[in-house]
Each structure stands twice: as structure tokens, then as C-alpha cells.
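Asker: Below you'll find the structure I mean.
Residue numbers (the working numbering): 6 to 288.
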């Protein structure tokens with residue numbers, strides 16, 4: 006009698022123990038912070054030199070493009086280590102659109118990084134204190150960003166930049182969201198859009214974690230991976246003198262964003278693997 010041998014079925018790969026996951030994410034998180042700090046400082050020092058020797062017509066486009074590439078690479082590091090999961094392809098529809106005001110909500114400090122990593126010709130309204138920051142100041146100056154300490158010159162410069170074909174990134178809340186889904190909106194974005202004759206594009210950002218939300222320290226490790234969802238909202242035209250767009254944009258945010266965490270789409274986090282990048286195309 007001949008016995009037929011059958012191939013054993015492969016067994017499922019067991020999930021790593023909790024302590025191993027915790028150790029992996031601890032190392033990966035602080036490794037990413039180290040890479041971020043070193044990269045930003047290196048570029049800031051080089052950009053500070055370039056800012057002094059290059060004319061603005063060359064330096065500003067170079068600085069904006071370099072920020073896009075740098076942030077895209079840093080997001081890639083976070084995705085490759087499993088620290089971050091995000092799909093930013095929706096932003097690619099804006100890549101070649103000139104003279105546009107981009108107005109996202111602002112749940113965390115990473116919001117600007119996510120948007121700038123996909124768009125090559127963006128100027129930003131930034132906190133004036135960042136101009137003297139060793140890790141960011143040089144890049145900010147070279148890219149032609151605008152400090153928020155002088156409202157009238159800021160509005161004039163922003164309008165000139167947008168009329169010249171740049172996109173303007175401004176957070177209408179003025180600071181990171183304290184009370185989700187949105188804090189009261191300031192009208193400065195609408196004043197700039199009207200002065201430049203440009204439309205306003207809403208961008209909806211959802212985060213599963215309070216990391217780098219208002220009051221969260223940089224070095225305090227959150228539950229990982231961080232999961233973000235970024236999508237395009239409505240586009241607004243700032244029209245008549247009595248229409249500043251503030252009420253319309255705030256209503257759009259409140260109707261489109263979840264009022265509390267976690268929304269249903271964050272079920273993706275449960276199946277997230279420990280090491281390695283996410284399987285979908287992104288960033």
C-alpha cells in the first residue's frame with residue numbers, strides 16, 4: 006500500500022508580542038525624530054546661505070521645491086518605519102493649479118508638512134518666531150514665506166505672491182484646533198483671496214491621534230502608527246463685499262469633519278502591521 010504524502014498547509018504568522026511591538030515603535034519613533042531634526046537643521050543652514058546669494062526669482066522657487074522634496078522624503082521615512090499611515094494622492098489634483106488659496110483645518114502640527122510634501126509652488130503664512138528657529142528659519146526665508154506679525158504687509162505680500170501664480174497655504178483657524186471639529190475661523194484668508202482674485206480650496210484633514218495637537222509635546226510618544234486622512238473639500242469664490250466666505254467655510258468644515266475621535270474610517274488602524282510601510286500607494 007502506497008501512502009500519498011500531502012504538503013502541509015502553511016500556518017498563519019503569529020502576531021508579535023506586545024512588548025516587542027512597544028519596543029519597535031519606541032525605537033522607530035525616536036529614530037524618525039532624530040532624522041527629522043538632523044534633516045531640517047542641515048537644510049536650514051544651507052538655505053540660509055543660499056538666501057543671501059541667490060536672487061529671489063531663483064531662490065524662492067528653489068526653496069519651495071526643496072521643502073516639498075524634503076518633506077516628502079521625511080514622510081517616506083515615517084511610512085517605511087510604520088510610524089505613519091497616510092494617503093496624500095488627493096492633493097495631487099492641485100499640483101499644477103496656479104493662483105490658489107489653500108485653506109485646511111488644523112488638527113496637528115504635521116498638517117502643513119503633509120500638504121507641502123505634495124505641492125511644489127506654495128508660500129505659507131508662518132509664525133514670526135519660526136524665522137529665528139535654527140532648524141526651520143533658513144528654509145522659511147529662502148522659500149519666501151511670510152511672518153504673521155504685521156497683518157497689512159502680510160496681506161499685500163500674500164496677494165502679490167498668489168497673483169504671480171503661487172499657491173498660498175493658510176490655516177483659517179489661526180492655530181491648531183482646540184475644540185474639534187473646528188475652532189472659530191478668522192477672516193484673513195478671505196481678505197487675501199479677495200485681494201489676489203483667487204479661489205479658496207478647502208482641505209479636510211482627519212487624524213486618529215492627538216500627537217502634536219495643541220498642548221502635545223514633540224517628544225511625548227503617542228500610540229502608533231499615526232493615521233491621517235487628507236481629502237479635498239469644496240472650492241469657494243469670495244464674491245460680493247458683504248460675503249467674506251467665513252461662514253460658508255466654517256459651515257463646510259463642521260458638516261464634513263467628525264466632531265470626535267475616532268471616526269469610522271480609522272478601523273484601518275486595527276489591522277496595521279508593526280514594521281514596514283503601508284501596502285497602498287501614498288505620499
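The beta carbon of each residue, even a glycine, is placed where N, CA and C say it ideally should be.
Just mark residue 257 as buried or exposed, buried being the case when its beta carbon has 16 or more other beta carbons within 10 Å.
Answerer: Numbered from 1 along the chain shown, position 252 holds the residue referred to as residue 257. Buried, since its Cβ has 16 or more Cβ neighbours within 10 Å.
Asker: Give me whichever residues DSSP pairs with residue 109 in a beta bridge.
Answerer: Sequence index remark: in the chain shown, residue 109 carries index 104 (1-based). 208, per the DSSP bridge assignment.
Asker: Sort 211, 148, 225 and 249 by Cα distance to residue 55 and report the nearest one.
Answerer: Along the chain shown, read from residue 1 onward, the residue named residue 55 stands at position 50. The option with the nearest alpha carbon to residue 55 is 148.
Asker: In whole angstroms, what separates the C-alpha of residue 235 from that of residue 157?
Answerer: As a first step, residue 235 is located in the chain shown; it is residue number 230 there, counting from the start. As a first step, residue 157 is located in the chain shown; it is residue number 152 there, counting from the start. Each residue's alpha carbon lies about 31 Å from the other.
Asker: Between residue 51 and residue 63, what straight-line distance do the alpha-carbon atoms span, to the nearest angstrom?
Answerer: Mapped onto the chain shown, residue 51 falls at position 46. Mapped onto the chain shown, residue 63 falls at position 58. Near 15 Å, if we compare the C-alpha coordinates of residue 63 and residue 51.
Asker: Leaving out five residues on either side along the sequence, give the residues of the same chain with a beta carbon under 8 Å from the beta carbon of residue 112.
Answerer: On the chain shown, residue 112 is found 107 positions in, with the first residue counted as 1. These residues qualify, in order along the chain: 181, 182, 185, 210, 211, 212 and 218.
Asker: For residue 206, which of 145, 153, 61 and 177 has the nearest alpha-carbon?
Answerer: The residue given as residue 206 occupies position 201 in the chain shown. Ranking 145, 153, 61 and 177 by Cα distance to residue 206 puts 177 first.
Asker: Answer yes or no: do residue 133 and residue 103 have a C-beta to C-beta separation smaller than 7 Å?
Answerer: Counting from 1 along the chain shown, the entry for residue 133 is found at position 128. Counting from 1 along the chain shown, the entry for residue 103 is found at position 98. No, Cβ-Cβ distance for residue 133 and residue 103 is not below 7 Å.
Asker: Comparing C-alpha positions only, which one of 204, 126 and 61 sits nearest to residue 101?
Answerer: In the chain shown, residue 101 corresponds to position 96, counting from 1. That would be 126, whose Cα lies nearest to the Cα of residue 101.
Asker: Checking 7 Å against the spacing of the C-beta atoms, do residue 229 and residue 106 come in under that value?
Answerer: Residue 229 sits at position 224 when you count from the first residue of the chain shown. Residue 106 sits at position 101 when you count from the first residue of the chain shown. Their beta carbons are not under 7 Å apart, which means residue 229 does not touch residue 106 by this criterion.
Asker: In whole angstroms, what separates the C-alpha of residue 119 from that of residue 22?
Answerer: As a working mapping, residue 119 is identified with position 114 in the chain shown. As a working mapping, residue 22 is identified with position 17 in the chain shown. Rounded to the nearest angstrom, the two C-alpha atoms are 32 Å apart.
Asker: Apart from the five residues on each side of it in sequence, which residues of its chain come closer than 7 Å, Cβ to Cβ, to residue 82?
Answerer: Taking the first residue of the chain shown as position 1, residue 82 is located at position 77. For residue 82, where only same-chain residues beyond five positions count, the Cβ hits under 7 Å are 37 and 40.
Asker: Pick out whichever of 35, 69 and 32 has its Cα sitting closest to the Cα of residue 49.
Answerer: Within the chain shown, numbered from 1, the residue matching residue 49 stands at position 44. It is 69.
Asker: For residue 173, does the three-state DSSP call read helix, strand or coil?
Answerer: For this step, residue 173 is matched to residue 168 along the chain shown. Strand.
Asker: Would you check if the distance between the CB atom of residue 195 and the CB atom of residue 250 is smaller than 7 Å?
Answerer: Within the chain shown, numbered from 1, the residue matching residue 195 stands at position 190. Within the chain shown, numbered from 1, the residue matching residue 250 stands at position 245. Cβ distance < 7 Å, so residue 195 and residue 250 count as in contact.
Asker: With a threshold of 8 Å on Cβ separation, who are the neighbours of residue 1 within its own chain once the five nearest residues in sequence on each side are excluded?
Answerer: Outside the displayed range of the chain (6 to 288) lies residue 1, so it cannot be described from this structure.
Asker: Between residue 28 and residue 227, what straight-line distance do the alpha-carbon atoms span, to the nearest angstrom?
Answerer: Taking the chain shown and counting its residues from 1, one reaches residue 28 at position 23. Taking the chain shown and counting its residues from 1, one reaches residue 227 at position 222. Between residue 28 and residue 227, the C-alpha separation is close to 13 Å.
Asker: Assuming residue 159 contacts residue 187 under a Cβ cut-off of 8 Å, what Cβ separation, rounded to an integer in Å, is found between them?
Answerer: Your numbering for residue 159 matches position 154 in the chain shown. Your numbering for residue 187 matches position 182 in the chain shown. About 23 Å; that fails the 8 Å criterion.
Asker: Cβ atoms of residue 140 and residue 46: under 7 Å apart, would you say?
Answerer: Stepping through the chain shown from its first residue, residue 46 is reached at position 41. Stepping through the chain shown from its first residue, residue 140 is reached at position 135. Contact flag set, yes.
Asker: Could you give the C-beta distance for residue 123 and residue 96, rounded to a whole number, given that I count them as a contact under 8 Å?
Answerer: Taking the first residue of the chain shown as position 1, residue 123 is located at position 118. Taking the first residue of the chain shown as position 1, residue 96 is located at position 91. Right, the Cβ-Cβ distance comes to about 4 Å (below 8 Å), so this counts as a contact.
Asker: Rounded to the nearest angstrom, what separates residue 168 and residue 216 at their Cα positions?
Answerer: Taking the chain shown and counting its residues from 1, the one referred to as residue 168 is at position 163. Taking the chain shown and counting its residues from 1, the one referred to as residue 216 is at position 211. So the alpha carbons of these two residues sit roughly 36 Å apart.
Asker: Whose C-beta lies closer than 7 Å to the C-beta of residue 239 among residues of the same chain, with five residues either side of it excluded?
Answerer: Within the chain shown, numbered from 1, the residue matching residue 239 stands at position 234. Around residue 239: 207 and 257.
Asker: Within the same chain, show all residues whose beta-carbon is closer than 8 Å to that of residue 237, passing over the 5 residues directly before and after it, in chain order.
Answerer: Here residue 237 refers to the residue found at position 232 of the chain shown. The residues are 95, 96, 98, 99, 206, 207, 208 and 209.
Asker: Do residue 164 and residue 200 have their C-beta atoms within less than 7 Å of each other?
Answerer: In the chain shown, the residue the question calls residue 164 occupies position 159. In the chain shown, the residue the question calls residue 200 occupies position 195. The answer is yes: Cβ separation under 7 Å.
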